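Novice: First the structure, then my questions, so here it is.
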Amino acid sequence: MDYYINDLAEETGKLFEYWAENHMDMDAMVTGYMTSSFRENADKRYAKFCTQMWYDMAQQFEGIKGETAYDTVLCDWLGCFYTYLQAYTHKSSKDVIRKYPFKTMYAQSNALHDLDMALAVKKVAG
Numbered sequence: 002m003d004y005y006i007n008d009l010a011e012e013t014g015k016l017f018e019y020w021a022e023n024h025m026d027m028d029a030m031v032t033g034y035m036t037s038s039f040r041e042n043a044d045k046r047y048a049k050f051c052t053q054m055w056y057d058m059a060q061q062f063e064g065i066k067g068e069t070a071y072d073t074v075l076c077d078w079l080g081c082f083y084t085y086l087q088a089y090t091h092k093s094s095k096d097v098i099r100k101y102p103f104k105t106m107y108a109q110s111n112a113l114h115d116l117d118m119a120l121a122v123k124k125v126a127g
């Protein structure tokens with residue numbers, strides 16, 4: 002049983018939304034987050050990492066300003082999506098972001114976010 006997945010998904014979504022609101026380079030920020038030691042520990046479901054609030058997570062990552070405006074709702078959804086996708090595939094977040102890059106998934110998220118999350122994950126993961 003994955004006790005932390007829902008909290009981790011929700012806080013990751015809020016983190017991505019915060020970055021989008023603040024006009025960060027979402028590709029760089031999301032890729033940096035997904036390949037970080039923080040996320041590696043969250044993948045292992047260590048409580049210390051899975052129970053952090055989004056604003057505590059944000060303090061651990063240096064902001065990289067971007068030029069592109071992103072939809073905050075879609076970015077929030079993608080934060081949740083990546084968490085559930087990682088759990089579903091049993092792959093590291095590093096592997097997930099390599100296989101499903103942010104720019105690609107953001108482009109697909111407009112259609113995918115209308116689906117039930119479990120269905121969206123299964124549709125993407127195959």
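Quick note, the numbering used here runs 1 ahead of the 1-based positions in the sequence shown.
Glycine residues also receive a C-beta, built at the ideal position from the N, C-alpha and C atoms.
No experiment lies behind these values; they were computed from the predicted model shown.
1. Hey, C76 and E18: beta-carbon distance below 9 Å or not?
2. If we require 4 or more residues per run, which alpha helix (DSSP H) segments fall completely within the segment 20-52?
3. Would you say D26 and G80 are within 9 Å of each other, going by their C-beta atoms?
4. Suppose you measure from the CA of Y47 to the CA of D3; what does that come to, to the nearest Å?
5. May I have the straight-line CA-CA distance separating D115 from A108, to the nearest angstrom?
6. Please tell me whether F82 and M30 are closer than 9 Å, where the distance is taken between their beta carbons.
7. Which same chain residues end up closer than 7 Å to T32 when comparing Cβ atoms and leaving out the 5 residues on each side of it in sequence?
8. Should T32 be flagged as near chain D, meaning a C-beta pair shorter than 9 Å?
9. Taking 9 Å as the cut-off, decide whether the C-beta atoms of T36 and S94 are in contact.
Specialist: For this structure:
1. yes
2. 27-35, 38-44, 48-51
3. no
4. 11 Å
5. 14 Å
6. no
7. Within the same chain, T32 has close Cβ partners I98, F103.
8. Looking at the structure shown, chain D is missing, and only one protein chain is on hand.
9. yes
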